[in-house]
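In UniProt numbering, the protein residues as written are 1 to 150.
I have placed the structure first, in the form of structure tokens, so that the comments after it can refer back to it.
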């Protein structure tokens, strides 16, 4: 089986960034006192897990080894590390603000991936499907942040 290295690289980057997002949502849900927000964060984490599974299948279909870890030194890790520090403060507005910042970062990664001219139609379809989920999460967290005055 031949490997489409562009597809594998682009999709694995999205997977790693989504894994960081899942981790951020799960940690926030576990540490926040507001149960309604915890439920929202857990729902987003589950949705992201589904997107990761689909992207991993697309990487395998492209002949690659799917990523299963988050980033270690990348921008997503820094964003979600800042989220971790904010969660420790237990300030709902600040937590939602940091989550939205992470969503902005994730959005930029997907926009870059979808702009990749060499992405195959199958990989583009997988990334686009995940993007719809990410965009919905971004829009929800942005609206939530603004409704809280954050």
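Glycine included, each C-beta is placed from N, C-alpha and C at the ideal position.
Within 7 Å, strictly: CB atoms of residue i and residue j
i: residue 107; j: residue 138; result: yes
i: residue 113; j: residue 10; result: yes
i: residue 18; j: residue 51; result: yes
i: residue 21; j: residue 48; result: yes
i: residue 136; j: residue 55; result: no
i: residue 4; j: residue 53; result: no
Spatial distance of residue i from residue j (CA atoms)
i: residue 6; j: residue 58; result: 12 Å
i: residue 101; j: residue 32; result: 17 Å
i: residue 123; j: residue 94; result: 35 Å
i: residue 12; j: residue 66; result: 6 Å
i: residue 119; j: residue 141; result: 29 Å
i: residue 116; j: residue 109; result: 11 Å
i: residue 111; j: residue 103; result: 12 Å
i: residue 148; j: residue 132; result: 24 Å
i: residue 144; j: residue 97; result: 9 Å
i: residue 91; j: residue 64; result: 41 Å
i: residue 41; j: residue 16; result: 19 Å
i: residue 39; j: residue 8; result: 33 Å
i: residue 105; j: residue 30; result: 22 Å
Check: residue i C-beta below 6 Å from any heavy atom of the ligand ZN
i: residue 123; result: Absence of the ligand ZN from the depicted structure is noted, as is the absence of any ligand whatsoever, leaving it without description.
Where residue i sits in the DSSP three-state scheme
i: residue 119; result: coil
i: residue 148; result: coil
i: residue 34; result: coil
i: residue 92; result: helix
i: residue 102; result: helix
i: residue 67; result: coil
i: residue 62; result: coil
i: residue 4; result: coil
Selection from the options that minimises the alpha carbon distance to residue i
i: residue 45; options: 23, 37, 36; result: 23
i: residue 14; options: 140, 69, 35, 141; result: 69
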